[in-house]
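S.K.:
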Amino acid sequence: MASYFDEHDCEPLDQEARTNMLLELARSLFNRMDFEDLGLVVDWDHHLPPPAAKAVVENLPRTIIRGSLAELKCPMGLLEFEEEETAIEMPCHHLFHSNCILPWLSKTNSCPLCRHELPTDDDTYEEHRRDKARKQQQQHRLENLHGAMYT
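So for the sequence shown, full-length UniProt numbering puts the first residue at 1; every next one is plus one.
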(Lines of atoms letter the chains of each structure in order from A and count residues from 1; the text may use other names and numbers.)
(Lines give C-alpha, C1' and ligand atoms only; values in the text may rest on other atoms or scores of the structure.)
Protein backbone atom coordinates (compact mmCIF):
# COMPACT_ATOMS: atom_id res chain seq x y z
CA MET A 1 0.00 0.00 0.00
CA ALA A 2 1.45 3.37 -1.02
CA SER A 3 1.72 6.18 1.50
CA TYR A 4 -0.39 9.31 1.17
CA PHE A 5 2.67 11.33 0.11
CA ASP A 6 3.70 8.82 -2.58
CA GLU A 7 0.13 8.61 -3.82
CA HIS A 8 -0.17 12.40 -4.16
CA ASP A 9 3.41 12.98 -5.26
CA CYS A 10 4.27 15.41 -2.42
CA GLU A 11 6.60 15.69 0.57
CA PRO A 12 5.56 15.97 4.23
CA LEU A 13 6.07 19.36 5.88
CA ASP A 14 8.74 19.80 8.53
CA GLN A 15 7.66 20.44 12.15
CA GLU A 16 8.06 24.25 11.95
CA ALA A 17 6.03 24.52 8.74
CA ARG A 18 3.23 22.36 10.22
CA THR A 19 3.17 24.49 13.37
CA ASN A 20 3.05 27.73 11.36
CA MET A 21 0.27 26.38 9.15
CA LEU A 22 -1.81 25.30 12.16
CA LEU A 23 -1.33 28.67 13.87
CA GLU A 24 -2.35 30.49 10.70
CA LEU A 25 -5.42 28.27 10.36
CA ALA A 26 -6.37 28.88 14.01
CA ARG A 27 -5.95 32.67 13.58
CA SER A 28 -8.02 32.59 10.42
CA LEU A 29 -10.82 30.64 12.08
CA PHE A 30 -10.69 32.78 15.21
CA ASN A 31 -10.93 36.03 13.19
CA ARG A 32 -13.91 34.79 11.18
CA MET A 33 -15.93 33.51 14.13
CA ASP A 34 -18.78 35.57 15.47
CA PHE A 35 -18.73 34.67 19.17
CA GLU A 36 -22.00 36.41 19.95
CA ASP A 37 -23.85 34.33 17.36
CA LEU A 38 -22.31 31.19 18.85
CA GLY A 39 -23.28 32.24 22.36
CA LEU A 40 -19.64 32.51 23.38
CA VAL A 41 -18.20 35.52 25.17
CA VAL A 42 -14.56 36.56 24.93
CA ASP A 43 -12.94 36.87 28.35
CA TRP A 44 -11.00 40.08 27.68
CA ASP A 45 -9.14 39.82 30.99
CA HIS A 46 -7.35 36.79 29.55
CA HIS A 47 -7.03 37.84 25.89
CA LEU A 48 -5.03 40.53 24.20
CA PRO A 49 -7.02 43.71 23.58
CA PRO A 50 -7.83 44.57 19.97
CA PRO A 51 -5.98 47.23 17.94
CA ALA A 52 -6.64 50.91 18.51
CA ALA A 53 -9.34 52.48 16.34
CA LYS A 54 -7.89 53.60 13.02
CA ALA A 55 -9.54 57.03 13.20
CA VAL A 56 -8.12 57.62 16.68
CA VAL A 57 -4.60 56.64 15.59
CA GLU A 58 -4.78 58.88 12.52
CA ASN A 59 -5.83 61.83 14.71
CA LEU A 60 -3.16 61.47 17.39
CA PRO A 61 -1.35 64.79 17.76
CA ARG A 62 2.02 65.23 16.09
CA THR A 63 4.65 67.17 18.02
CA ILE A 64 7.68 68.89 16.50
CA ILE A 65 10.74 68.13 18.60
CA ARG A 66 12.41 71.37 19.70
CA GLY A 67 14.66 72.52 22.54
CA SER A 68 14.72 70.31 25.62
CA LEU A 69 12.54 67.67 23.93
CA ALA A 70 15.48 66.86 21.64
CA GLU A 71 17.22 65.30 24.65
CA LEU A 72 14.44 62.71 25.02
CA LYS A 73 14.58 59.19 23.61
CA CYS A 74 11.77 57.23 22.04
CA PRO A 75 10.91 54.68 24.75
CA MET A 76 10.32 51.95 22.17
CA GLY A 77 13.20 52.36 19.73
CA LEU A 78 15.53 53.87 22.36
CA LEU A 79 16.83 56.36 19.80
CA GLU A 80 17.04 60.05 20.61
CA PHE A 81 14.62 62.38 18.90
CA GLU A 82 16.28 64.74 16.47
CA GLU A 83 15.71 68.48 16.34
CA GLU A 84 12.68 69.38 14.14
CA GLU A 85 11.62 65.71 13.94
CA THR A 86 7.90 64.94 14.20
CA ALA A 87 6.85 62.61 17.01
CA ILE A 88 3.45 61.12 17.79
CA GLU A 89 2.04 62.10 21.17
CA MET A 90 -0.25 59.69 22.96
CA PRO A 91 -3.12 61.03 25.15
CA CYS A 92 -0.95 60.18 28.17
CA HIS A 93 1.66 62.62 26.75
CA HIS A 94 4.29 59.97 25.97
CA LEU A 95 6.17 60.69 22.73
CA PHE A 96 7.13 58.05 20.17
CA HIS A 97 8.66 57.82 16.70
CA SER A 98 5.84 57.06 14.26
CA ASN A 99 7.63 53.96 12.92
CA CYS A 100 7.73 52.64 16.52
CA ILE A 101 4.22 53.38 17.81
CA LEU A 102 2.09 52.84 14.69
CA PRO A 103 2.87 49.09 14.33
CA TRP A 104 2.24 48.71 18.08
CA LEU A 105 -1.18 50.38 17.89
CA SER A 106 -2.10 48.21 14.91
CA LYS A 107 -1.83 45.24 17.28
CA THR A 108 -3.05 46.60 20.62
CA ASN A 109 -4.81 49.70 21.92
CA SER A 110 -2.58 50.80 24.79
CA CYS A 111 0.48 52.94 25.43
CA PRO A 112 3.48 50.62 25.78
CA LEU A 113 4.70 52.60 28.80
CA CYS A 114 1.69 53.28 31.00
CA ARG A 115 -0.98 51.08 29.34
CA HIS A 116 -3.35 54.02 28.84
CA GLU A 117 -5.98 52.59 26.50
CA LEU A 118 -7.19 54.18 23.29
CA PRO A 119 -10.67 53.43 21.93
CA THR A 120 -11.01 50.44 19.60
CA ASP A 121 -13.32 49.55 16.73
CA ASP A 122 -14.43 46.41 18.62
CA ASP A 123 -17.87 46.91 20.19
CA THR A 124 -17.62 43.92 22.54
CA TYR A 125 -14.28 45.11 23.89
CA GLU A 126 -15.62 48.64 24.39
CA GLU A 127 -18.58 47.22 26.34
CA HIS A 128 -16.13 45.23 28.46
CA ARG A 129 -14.17 48.43 29.18
CA ARG A 130 -17.34 50.26 30.24
CA ASP A 131 -18.37 47.37 32.53
CA LYS A 132 -14.89 47.24 34.05
CA ALA A 133 -14.93 51.00 34.72
CA ARG A 134 -18.38 50.73 36.34
CA LYS A 135 -17.19 47.92 38.60
CA GLN A 136 -14.10 49.92 39.61
CA GLN A 137 -16.24 52.96 40.42
CA GLN A 138 -18.60 50.82 42.46
CA GLN A 139 -15.68 49.25 44.35
CA HIS A 140 -14.20 52.70 45.00
CA ARG A 141 -17.53 53.99 46.35
CA LEU A 142 -17.87 50.95 48.61
CA GLU A 143 -14.34 51.44 49.98
CA ASN A 144 -15.03 55.14 50.65
CA LEU A 145 -18.34 54.31 52.31
CA HIS A 146 -16.69 51.65 54.46
CA GLY A 147 -13.88 54.04 55.42
CA ALA A 148 -16.39 56.79 56.27
CA MET A 149 -18.22 54.48 58.65
CA TYR A 150 -15.15 54.07 60.87
CA THR A 151 -13.79 57.62 61.02
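We treat Cβ as the ideally placed atom computed from N, Cα and C, and that holds for glycine.
Just tell me which of 72, 126, 11, 134 has its CA closest to the CA of residue 52.
M.R.: As a first step, residue 52 is located in the sequence shown; it is residue number 52 there, counting from the start. It is 126.
S.K.: According to DSSP, is residue 19 part of a helix, a strand, or is it coil?
M.R.: Against the sequence shown, residue 19 aligns to sequence position 19. Residue state, collapsed to three classes: helix.
S.K.: Does residue 92 pass the burial test, meaning 16 or more other C-beta atoms within 10 Å, or should it be called exposed?
M.R.: The residue labelled residue 92 in the question sits at position 92 within the sequence shown. Exposed is the call here.
S.K.: Count the other C-beta atoms from every protein chain shown that fall within 10 angstroms of the C-beta of residue 86, then say buried if there are 16 or more, exposed otherwise.
M.R.: The count along the sequence shown starts at 1 and reaches residue 86 at position 86. Flag for residue 86 reads exposed.
S.K.: Can you find the residues in the same chain that come closer than 7 Å, C-beta to C-beta, to residue 122, ignoring five residues on each side of it along the sequence?
M.R.: Indexing the sequence shown from 1 puts residue 122 at position 122. Closer than 7 Å at Cβ, skipping near neighbours: 50.
S.K.: What does a CB cutoff of less than 7 Å around residue 48 pick up in its chain, not counting 5 residues either side in sequence?
M.R.: Counting from 1 along the sequence shown, the entry for residue 48 is found at position 48. Contacts found: 108.
S.K.: Use the C-beta contact count for residue 21: other C-beta atoms within 10 angstroms, 16 or more gives buried, fewer gives exposed.
M.R.: Mapped onto the sequence shown, residue 21 falls at position 21. Label assigned to residue 21: exposed.
S.K.: Based on the DSSP output, what are the partners of residue 62 in its beta bridges?
M.R.: Within the sequence shown, residue 62 is the residue found at index 62, counting from 1. Paired residue(s): 88.
S.K.: Compute the beta-carbon to beta-carbon distance between residue 66 and residue 83, rounded to the nearest angstrom, for a pair I have assumed lies under 8 Å.
M.R.: Against the sequence shown, residue 66 aligns to sequence position 66. Against the sequence shown, residue 83 aligns to sequence position 83. At roughly 7 Å, the Cβ-Cβ gap stays under 8 Å, so residue 66 and residue 83 are in contact.
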